[in-house]
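Data block below; observations after.
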Amino acid sequence: MSDVLLEVRDLVKHYPTQQGLFGGGGAKVRAVDGVSFSIASGETLGLVGESGCGKSTTGKLILRLQDPTRGTILWRGRDISRLSQGEMRPVRRELQAVFQDPYSSLNPRMRAADIVAEPIRNYDALPQAQMRERVAGLFERVGLRPDQMVKYPFEFSGGQRQRLGIARALSVRPKLIVCDEPVSALDVSVQAQVINLLMDLQQEFRLSYLFVAHDLAVVEHISHRVAVMYLGKVVEIAPKKAIFTRPQHPYTEALLEAVPVPDPAARRKRRVLGGDVPSPIKPPSGCRFHTRCPYVEERCKLEEPPLKEVVPGQFVACHLRQPVAMLKQEAVA
6 MSDVLLEVRD LVKHYPTQQG LFGGGGAKVR AVDGVSFSIA SGETLGLVGE SGCGKSTTGK
66 LILRLQDPTR GTILWRGRDI SRLSQGEMRP VRRELQAVFQ DPYSSLNPRM RAADIVAEPI
126 RNYDALPQAQ MRERVAGLFE RVGLRPDQMV KYPFEFSGGQ RQRLGIARAL SVRPKLIVCD
186 EPVSALDVSV QAQVINLLMD LQQEFRLSYL FVAHDLAVVE HISHRVAVMY LGKVVEIAPK
246 KAIFTRPQHP YTEALLEAVP VPDPAARRKR RVLGGDVPSP IKPPSGCRFH TRCPYVEERC
306 KLEEPPLKEV VPGQFVACHL RQPVAMLKQE AVA
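Printed below as a string of structure tokens:
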């Protein structure tokens with residue numbers, strides 16, 4: 006997967022807040038605070054972390070639904086982070102989204118066929134018969150019947166509405182789809198169906214996904230690589246197998262230990278994190294996880310750890326892990 010489609014470098018999004026009687030103070034919510042990663046053609050990158058860590062904001066920045074405070078978003082080698090709305094128009098065809106709530110993301114006054122056809126009309130002038138044929142084909146591909154094209158969103162079930170959202174995203178033949186918690190509002194059995202549909206579509210159309218989620222079981226099933234976020238920063242990024250079998254960051258370890266075990270008779274020791282997630286308005290100095298980390302050292306409170314390669318292909322922001330180069334030097338000595 007060397008064909009990199011998307012590369013994000015030091016992406017930052019700060020939101021100003023109003024404090025005091027006259028709204029002064031200059032405080033900022035540091036929603037995304039220096040995030041870097043890449044996504045190759047045909048790859049799924051899972052983006053996980055607790056609520057409020059900046060996952061969904063990162064997806065919105067990539068789609069340019071919001072403008073970054075600073076940083077670089079390279080789409081197929083081109084920096085799109087500062088493009089105007091007009092300049093973004095041809096790019097938007099290649100970048101689509103599937104949202105968390107399959108009902109609120111659909112126009113309740115439009116018929117299903119028009120919802121799917123609307124993005125096509127924005128880019129292609131097709132005859133009515135050809136448009137209907139294309140929309141009907143999309144319905145069938147996502148598991149809906151062509152006779153449902155005349156229905157309104159409220160006439161579909163939750164899983165069907167999400168399939169409708171997927172058909173809309175597919176309609177302009179994108180390269181990358183940002184999936185923002187696409188199955189969290191669905192029943193477990195329906196979740197599996199939608200996830201399998203997304204994986205089949207990826208194989209068929211060589212799609213890339215940024216898959217934002219908090220359900221690690223779902224992420225493990227669909228992702229090729231996983232990035233773990235905490236308080237606006239990526240603290241670990243690695244191939245899926247490495248994340249789930251040998252996590253290197255204490256926060257990643259805690260997330261995996263919190264996953265429920267399906268066997269009620271099974272017993273395992275869990276490490277419960279102390280304290281609450283700090284405020285993104287005033288994050289801790291040094292490592293942002295040090296206020297809850299069971300292995301904290303004095304250095305962690307003062308110096309912010311860089312994201313470094315500690316195992317081939319596995320990058321971690323933790324002072325307790327030695328980079329690959331240093332480990333090799335120690336082995337030679």
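For the sequence shown, the residue numbers in the working numbering are 6 to 338. Yeah, the Cβ is synthetic: ideal placement off N, Cα and C, and Gly gets one too.
May I ask you to list the residues that DSSP assigns as paired with Phe-320? Ile-242 and Glu-314
I'd like to confirm something about Lys-18: is its beta-carbon nearer than 7 Å to some heavy atom of the ligand MN, or not? The ligand MN is absent from the structure shown, which contains no ligand whatsoever.
Under the assumption that Val-231 contacts Ile-248 (Cβ atoms under 8 Å), give the Cβ distance between them as a whole number of angstroms. 4 Å
Report, in whole angstroms, the separation of the C-beta atoms of Ser-228 and Leu-50, which I expect to be a contact under 8 Å. 7 Å
Drop a sphere of 10 angstroms on the beta-carbon of Lys-287, count the other beta-carbons inside from all chains shown, and report buried for 16 or more, exposed for fewer. exposed
Quick check on Asp-192: buried or exposed, where buried means 16 or more other Cβ atoms within 10 Å of its Cβ? exposed
Out of Phe-294, Gly-280 and Gly-237, which one is the CA nearest neighbour of Lys-33? Gly-237
When the Cα atoms are used, what is the spatial distance from Cys-184 to Cys-292? 29 Å
Is the CB-CB distance between Gly-170 and Phe-216 below 8 Å? no
According to DSSP, what are the bridge partners of Leu-51? Checking the sequence shown, residue 51 turns out to be Gly, not Leu. Paired residues: Phe-216 and Val-231.
Excluding sequence positions up to five away, which residues of its chain have a Cβ less than 8 Å from the Cβ of Met-234? Val-40, Leu-52, Val-53, Gly-54, Cys-58, Gly-59, Lys-60, Thr-63 and Val-240
With a CB to CB cut of under 6 Å and the five nearest residues on each side skipped, what residues in its chain are close to His-118? Going by the sequence as given, residue 118 is Ala instead of His. Answer for Ala-118: Val-140 and Met-154, listed in chain order.
Can Leu-10 and Ile-78 be called in contact, C-beta distance under 8 Å? no
By DSSP, does Ile-78 sit in helix, in strand, or in coil? Strand, per DSSP.
Checking 8 Å against the spacing of the C-beta atoms, do Val-195 and Gly-148 come in under that value? no
Since Leu-312 contacts Leu-261 with CB under 8 Å, what's their CB separation in whole angstroms? 19 Å between Cβ atoms; not a contact.
Considering only C-alpha positions, which residue in the set Asp-8, Pro-73 and Ser-110 is nearest to Ile-44? Asp-8
Tell me whether the beta-carbon of Val-199 lies closer than 8 Å to the beta-carbon of Val-188. yes
Backbone CA spacing between Gln-90 and Trp-80 [nearest angstrom]: 15 Å
Let me check understanding here. Comparing Cα to Cα, which of Lys-306, Asp-281 and Pro-299 lies closest to Arg-289? The residue you asked about is not Arg; residue 289 is Pro in the sequence shown. Among Lys-306, Asp-281 and Pro-299, the Cα nearest to that of Pro-289 is on Lys-306.
Answer with buried or exposed for Glu-335, where buried requires no fewer than 16 other C-beta atoms within 10 angstroms of its C-beta. The predicted model places Glu-335 with a pLDDT of 49, which falls under 50 and marks its position as unreliable; any figure quoted below should be read in that light. Exposed is the call here.
Alpha carbon of Met-6 to alpha carbon of Glu-225, nearest angstrom: Confidence in Met-6 is poor, its pLDDT being 46 and thus under 50, which makes the residue's placement too unreliable to answer from.
For the beta strand (DSSP E) holding Ser-43, just list the boundary residues, first then last. 33-45
Would you tell me roughly how many angstroms separate the C-alpha atoms of Phe-161 and Leu-111, rounded to the nearest one? 11 Å
Measure from the alpha carbon of Ala-318 to the alpha carbon of each residue in Arg-137, Leu-66, Gln-253 and Ala-243, then state which is nearest. In the sequence under discussion, the amino acid at residue 318 is Gly, which differs from the Ala named in the question. That would be Ala-243, whose Cα lies nearest to the Cα of Gly-318.
Give the range of the beta strand (DSSP E) segment to which Leu-100 is assigned. 100-103
Determine the DSSP secondary structure at His-254, reduced to helix, strand or coil. coil
Only counting the same chain, and skipping five residues up and downstream in sequence, which positions put a Cβ closer than 8 Å to that of Met-136? Ala-122, Ile-125 and Arg-126
By the three-class DSSP mapping on this structure, what secondary structure does Cys-184 have? strand
Can you list, in chain order, the residues of its chain with a C-beta nearer than 6 Å to that of Leu-332? Leave out the 5 residues immediately preceding and following it. Model confidence at Leu-332 stands at a pLDDT of 49, short of 50, so the residue's coordinates are unreliable and nothing is read from them.
Tell me which residue opens and which closes the beta strand (DSSP E) that Lys-18 is part of. 9-21
Could you name each continuous alpha helix (DSSP H) segment of 4 residues or more that falls completely within the stretch 129-153, going from the start of the chain to the end? 133-146
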